[in-house]
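Q: The structure follows.
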Amino acid sequence: MSGGNWGHAWSDALDELELDVATIEAMLADEHRHAETPPASLWKAPTELGALPLELKPRADEILTRQLKAAEEIARRMTATRQQMTMTTRIETGEAVKRPVYVDRAM
């Protein structure tokens, strides 16, 4: 692969990766949208490209930073959802309230 084609192929690969992270960011920004959006396909690093051209490294680093930030937000939301589900279950089963609802004082 010639140098020009090599850089162009890497640029195309980064375009695809950036589109994936932009989709995730949009889903995180609009909580209702994720239910309507099909899951993203897994990105696979191209094997035939060789090393990343040096001039594309800043862009690749920026995409990685965005991916990590999105992954942290997904993990935070998963934890919050898990906590909410636990509390909901406790409320539904009565575990959240440990006091009597009715006391017969006539006896």
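Following the numbering used here, the numbering of the sequence shown begins with 1 at its first residue and continues without gaps.
C-beta atoms are modelled at their ideal positions from N, C-alpha and C, and glycine is treated no differently.
Nothing here was measured: the structure is a model prediction, and the numbers come from that model.
#1: Is Ser-77 helix, strand or coil when you go by DSSP?
#2: Looking at C-alpha atoms only, which residue of Leu-54, Ile-63, Ala-51 and Leu-49 is the closest neighbour of Asp-15?
#3: I need the straight-line Cα distance from Asp-30 to Ile-24, nearest angstrom please.
#4: So Pro-53 packs on Gly-7, CB below 8 Å; how close in whole Å?
#5: Quick check: what's the CA-CA separation for Met-78 versus Val-21?
#6: Secondary structure at Pro-58, three-state DSSP: helix, strand or coil?
#7: Put Glu-44 into one of helix, strand or coil per three-state DSSP.
A: In brief:
#1: For the sequence presented, residue 77 should be read as Arg rather than Ser. Three-state result, Arg-77: helix.
#2: Ile-63
#3: 10 Å
#4: 5 Å
#5: 18 Å
#6: helix
#7: Checking the displayed sequence, the identity of residue 44 turns out to be Lys instead of Glu. Of the three classes helix, strand and coil, the one that applies to Lys-44 here is coil, per DSSP.
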